[in-house]
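The structure appears below as structure tokens.
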Amino acid sequence: MVYKMINDPIYGFVTIDSELILELVNHPVFLRLTRIKQMGTSSVVYPGAQHTRFSHALGAMHLMKLALESLKRKGTKVSKKEKEAAMIAILLHDLGHGPFSHSLEHVLINVHHEEFTSLLMHKLNAEFNGALDLAIAIFEGTYKRNFFHRLVSSQLDMDRLDYLQRDCFFSGVVEGSVGADRIIRMLDVHNDEIVVLEKGIYSIDRFLNARRMMYWQVYLHKTGLAAELMLQSIIRRAKKLMQEGQNMLCDPDLNFFLVNEFKKKDFVQNGQLLEHFLQLDDYNIWSAIKQWKNSGDKVLDFIIEGLINRKLFQLEMSSKKISQKKLKYIEKDLLSKGFSKEDLPYLCFAGEVSNSAYTSDKQNIKVKMNSGEVIDISEASDLPNIEVLTKIVTKYYLCQPKIVS
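If you're matching positions, the sequence shown starts at 6 in the numbering used here and goes up one per residue.
Below is the structure:
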């Protein structure tokens with residue numbers, strides 16, 4: 006029985022044929038994801054990138070359904086309960102994201118989003134009288150049939166397959182497109198592990214290339230990264246001012262996390278903290294930023310003016326580390342413009358970003374050859390760029406206001 010049909014711009018109609026899943030989709034804890042953008046600050050570069058964690062979660066759930074149905078056709082036994090649980094596990098996999106997704110992770114609250122997800126899944130499980138037991142076991146990797154977890158979290162999971170397609174579609178970057186439907190058809194189970202049939206090698210190679218390209222062209226685009234660093238700086242500055250006793254207008258839940266510092270154990274021991282966290286989304290942050298733009302603090306007002314009116318900081322990337330000489334010059338220039346030494350960490354940032362499209366020693370992608378042998382994709386592929394995809398690429402950045410001469 007189909008309980009709900011949702012029209013998705015990527016896949017067409019996404020059907021929900023489980024009453025439990027429909028209840029979860031309509032639950033306030035999940036609906037919060039409609040107010041959290043998938044790509045953080047990337048919309049300053051790609052205006053179409055306004056999609057949410059909500060639509061991504063639904064898309065990943067749809068792909069999970071297709072994958073399990075494909076595996077069943079190949080002879081893998083999947084019970085009705087296992088199918089529902091796996092779909093729930095991927096549906097809820099991003100519950101723990103805070104405002105602006107990865108952009109403010111560890112800046113606003115120093116807890117990883119996957120730890121929040123686990124806590125929230127257990128919270129929902131208590132509310133649903135244990136109905137999510139199997140979904141949680143699959144999500145956390147404790148279920149005896151490990152291939153279910155690999156479909157939720159691995160280097161070739163339904164999460165990545167959806168976000169690459171979705172982010173590519175909404176950003177308009179066609180090079181990031183992957184053939185998810187064909188990849189899913191190429192999956193099989195061997196010794197309780199997800200494998201790719203040999204004829205799917207080129208599809209996986211394209212998938213890894215798309216992931217590499219999306220990271221450097223979209224997710225780590227220098228303008229989007231500059232906006233992200235400015236956003237982080239605003240939150241860090243507001244935290245400092247509030248913890249020093251300055252009155253900063255914002256809603257009570259955001260105020261709660263700006264004034265106080267918490268670790269994961271605090272959320273485990275005090276369930277009320279989770280309730281405060283669940284009130285946070287992108288709108289809390291934007292509302293606060295708009296109220297702070299005339300705070301009277303020179304640094305905060307300057308950064309907010311830049312972020313709101315797109316007077317973004319300048320960011321340059323290099324394969325070499327930023328020299329101390331260059332940093333000193335920028336700091337000296339900022340001091341000459343009336344900023345103090347204590348202001349500099351909020352105005353000038355040097356750091357590094359790194360990425361590899363594929364890591365052969367971590368939840369590797371396995372290929373089942375026509376001979377029956379199972380080997381790593383890096384050994385199976387005859388494409389010359391597979392070594393490039395496994396290489397960790399590190400780039401160094403320097404971000405500063407454009408007022409620096």
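Don't be surprised by glycine CBs; every beta carbon is placed ideally from N, CA and C.
Where residue i falls, given that 16 or more other Cβ within 10 Å makes a residue buried
i	result
ARG78	exposed
ASP162	buried
ILE189	buried
ILE313	exposed
GLY64	buried
MET10	exposed
LYS330	exposed
GLN237	buried
Residue i to residue j span [Cα, whole Å]
i	j	result
GLY205	PHE121	35 Å
GLU145	LEU73	19 Å
VAL116	GLY103	10 Å
PHE261	MET247	10 Å
ASP186	GLY177	20 Å
ILE397	MET6	47 Å
SER208	VAL379	17 Å
GLN43	ARG165	13 Å
ALA142	GLN368	18 Å
LEU263	VAL112	10 Å
GLN277	LYS270	13 Å
SER106	ARG37	12 Å
GLN274	GLU280	13 Å
PRO33	LYS85	26 Å
GLY101	ASN265	19 Å
ILE294	ASN214	37 Å
SER365	ASP286	36 Å
ARG40	TYR288	7 Å
ARG242	SER60	32 Å
PHE307	SER324	30 Å
GLU24	LEU137	13 Å
When the options are compared against residue i, the one with the closest alpha-carbon
i	options	result
PRO257	ILE290, ASP164, ALA72 and LEU225	ILE290
GLN405	LYS227, GLN296 and ALA243	LYS227
VAL223	PHE267, LYS298, PHE174 and LYS245	PHE174
MET219	ASN360, VAL409 and TYR16	ASN360
HIS118	VAL83, GLY250, ARG58 and THR81	ARG58
PRO14	VAL179, ARG171 and SER238	ARG171
GLN296	LEU283, PHE282, MET253 and LEU279	MET253
ILE370	TYR402, GLU336 and LEU192	LEU192
GLY184	ASN196, LEU169 and VAL200	LEU169
GLU336	SER23, LYS346 and GLY311	LYS346
VAL179	PHE212, VAL83 and PHE152	PHE212
TYR16	ASP167, TYR8 and LEU139	ASP167
GLN251	GLY135, SER75 and SER300	SER300
PHE408	SER383, VAL358 and SER341	Checking the sequence shown, residue 408 turns out to be Ile, not Phe. Checked all of SER383, VAL358 and SER341; the closest Cα to ILE408 is SER341.
Integer Cβ distance of residue i from residue j, believed to fall under 8 Å
i	j	result
MET69	ALA91	6 Å
GLY229	SER47	5 Å
VAL304	TYR351	5 Å
ALA62	ARG216	That belief does not hold up - the Cβ atoms of ALA62 and ARG216 are roughly 19 Å apart, past 8 Å.
GLU89	ILE21	Contact flag wrong, Cβ pair sits at about 11 Å.
LEU96	LEU156	13 Å between Cβ atoms; not a contact.
Distance cut-off 7 Å: residue i Cβ against heavy atoms of the ligand NAD
i	result
CYS255	What this structure holds is no ligand at all, so the ligand NAD is not there to describe.
Which runs of the alpha helix (DSSP H) at least 4 residues long sit entirely within the segment 279-329? Give them in chain order. 287-297 and 303-313
Give, in chain order, every unbroken run of the alpha helix (DSSP H) that is at least 4 residues long and sits entirely within the segment 12-40. 24-30 and 33-36
Return the chain-ordered ranges of every beta strand (DSSP E) run that is complete within the segment 141-190 and spans a minimum of 3 residues. none
Sequence ranges, beta strand (DSSP E) only - wholly within the segment 183-244, length at least 3: 192-195 and 198-202
At what residue ranges does the segment 326-374 contain a whole run of the beta strand (DSSP E), taking only runs of 3 or more? 354-360 and 371-373
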